[in-house]
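Below is one structure, written out as structure tokens, with a few remarks after it.
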Amino acid sequence: MGVITGTAFLEYCEYEVVRMNRKVLHIITNTAVGGAEMMLYKLLKYDGGVFQHRVVSLRDVDAMGRRIKDLGIDVEGMGLGGARDFDIRLWMQLASRISGYQPDIIQTWMYHSDFVASLLGPVATNAPIVWNVRHSDLAGRGHSRRTRLIAKACASLSWRVPRRIVCNSHHAIQAHVKLGYREDRFQQIPNGFELQHFCANHCHRREVRHELQVSLSAPLVGMIGRYHPSKGHVDFLRAAAEISKHCPDARFMMVGEQIDDGNSVLAKWRRELGLDERVKMLGHRKDVERLLPSLDVLISPSYTESFPNILGEAMACEVPCIATSVGDCEEILGDAGMCRAPGDIEGIARRTVELLRSPPAEIGELRQRLRRRVLERYDIRNVVREYHCVWSDCIEIANNPQMSQPKRAA
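This is how it looks when you write it as structure tokens:
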């Protein structure tokens, strides 16, 4: 599918507004900073007025929820979580919200909201339900027993409730079909990126390195992602120690929620590896598009991923990437990136050193390939259009029961 830009995109939106302007109720587990929450934010930001939206968080309204509110979209937190999950009054309130909004379609995000909406939605409304599934490996690190149980319950519900199940990666679809999910309900729609915001920027490169007290000539290697057992932060530190043996002037940057000096686990590893003077832990930052151009290499050492946003964002900024071969990482990077097995610290370090020592002309050509690949495959405006097609088709089927299945978006 080609990139829709400028006037063509606006004309598409205007046509759809006249034809549809239907109401979408998004139900999401929480609105903290995360991949699903960020994708929802971008989807709403670039909707172009085609649909009317409202967001309900099963928990409270957190950082991403507030950003969605800034778009002029209603966001409500139900306050579920912990013992409050068993408060029947909150469940009744949620059913009332669903019924009161009278949505034309319900879009859920992640297992807990998929499950809850599948129980309450059919009682409160006749609107079709579309799930969003974003995990690719429930057997991996960091998934609670409760999450696994809910995911398995959703496998049974998938045969009766959702009109469509959106996945952001082919690997995630395969993993869930093995769990018993209904295969013909799945549709792959990748994550999309704001390419006008994420791009190479020499001014940002100079500014960030000045702030970090890293010279323009020193290699700077980064990892960006919230703290979670599955993300491989300790592996990044161990790889940094190996890289430093071969590139003594290399410096390292870690960014993400709970990635700061107050993280006792990471601080201990950094100290024991002798990296206190080399590794900067910056915590959660809202200016990732400003930080990325400062890097020479981005490493994504996760043990489980579906479609990591940070890879696409780094590629858009023309930053060479090394990732683990999980989820759709290999497909995202294509021949413009390098993948290693999860836990292959030596391989990650060796490939990083090779990149840092590559001739400038070779790196320049690689940077161009990275940007070109994202432009061709992952423009946010095309991703929004695919969601619009799914919703339109599902609404059409709900209004015309003689139709069997929604068309898959091109």
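Basically the working numbering = 1-based index in the sequence shown + 149.
Where a beta carbon is used, it is the ideal one built from N, C-alpha and C, also for glycine.
Since we're looking at a predicted model, the values are computed, not measured.
Assuming I529 and Y190 are in contact, meaning their beta carbons sit under 8 angstroms apart, how far apart are those beta carbons, in whole angstroms? Between I529 and Y190 the beta-carbon gap is near 11 angstroms, outside 8 angstroms, which marks them as no contact.
Applying the criterion that 16 or more other CB atoms from any shown protein chain within 10 Å of the CB defines a buried residue, is H261 buried or exposed? Flag for H261 reads buried.
Indicate the three-state DSSP secondary structure (helix, strand or coil) for C396 in the structure shown. Residue state, collapsed to three classes: coil.
Exposed or buried, which one is F235 when buried takes at least 16 other CB atoms within 10 Å? Flag for F235 reads exposed.
Chain-order list of residues whose beta-carbon lies under 6 angstroms from that of A349 (same chain, five-residue window excluded): These residues qualify, in order along the chain: P442, C466 and E467.
CB-CB under 7 angstroms to R334, same chain, minus the five flanking residues each way: which ones, in chain order? Excluding its 5 nearest sequence neighbours in each direction, R334 has C-beta neighbours in its own chain below 7 angstroms: S307, P311, R313 and I314, listed in chain order.
Excluding the five sequence neighbours on either side, which residues of its own chain have a C-beta within less than 8 angstroms of the C-beta of R427, listed in chain order? Cβ neighbours of R427 within its own chain (closer than 8 angstroms, five residues either side excluded): A389, S393, A399, R400 and F401.
In the DSSP assignment, the alpha helix (DSSP H) including K194 goes from what residue to what residue? Where K194 is concerned, the enclosing alpha helix (DSSP H) stretches over G184 to K194.
Which same chain residues, not among the five before or five after H202, have their C-beta less than 6 angstroms away from its C-beta? For H202, where only same-chain residues beyond five positions count, the Cβ hits under 6 angstroms are V173, L193 and I222.
D263 to P378, Cα distance in whole Å? The alpha-carbon atoms of D263 and P378 are separated by roughly 24 angstroms.
CB V182 to CB R500, shorter than 8 angstroms? No, they are not a contact pair.
Length of the line joining the Cα atoms of I408 and G198: Approximately 37 angstroms between the Cα atoms of the pair.
State the start and end residues of the unbroken alpha helix (DSSP H) segment that holds R499. It spans I494 to L505 - the alpha helix (DSSP H) in which R499 sits, taken as one unbroken run.
Looking at the secondary structure, which residues open and close the beta strand (DSSP E) in which W540 lies? Judged by DSSP secondary structure, W540 falls outside any beta strand (DSSP E) and instead within the alpha helix (DSSP H) spanning I529 to N548.
From which residue to which residue does the beta strand (DSSP E) around E91 run? Here the chain comprises residues numbered 150 to 559, so residue 91 is not present and cannot be evaluated.
Q362 - DSSP class collapsed to helix/strand/coil: Note: Q362 maps to coil in three-state DSSP.
Go ahead and label L328 buried or exposed: buried means 16 or more other beta carbons lie within 10 angstroms of its beta carbon, across all protein chains shown. A residue is called buried once 16 or more other Cβ atoms fall within 10 Å of its Cβ, and L328, having fewer, is exposed.
Take D447 and list the residues in its own chain whose beta-carbon comes closer than 6 angstroms to its own, dropping the five residues that flank it on each side. A small fix is needed here, since residue 447 is Leu in this sequence, not Asp. Contacts found: G371, A463, V468 and C470.
Boundaries (first-last residue) of the beta strand (DSSP E) holding M487: Annotation for M487: the continuous beta strand (DSSP E) segment containing it runs M487 to R489.
Counting beta carbon pairs with one atom in the stretch 488 to 505 and one in the stretch 516 to 523, are three or more of them shorter than 8 angstroms? Result no; under three Cβ-Cβ pairs closer than 8 angstroms.
Please name the residue or residues paired with F347 in a DSSP beta bridge. Beta-bridge pairing links F347 to no other residue.
Between the alpha carbons of Y536 and S267, how many angstroms are there, rounded? Taking the straight line joining both Cα atoms gives about 20 angstroms.
Note the first and the last residue of the continuous beta strand (DSSP E) segment covering G371. Start and end: L369 to I373.
Measuring only the C-alpha atoms, how far is P397 from C352? The alpha-carbon atoms of P397 and C352 are separated by roughly 26 angstroms.
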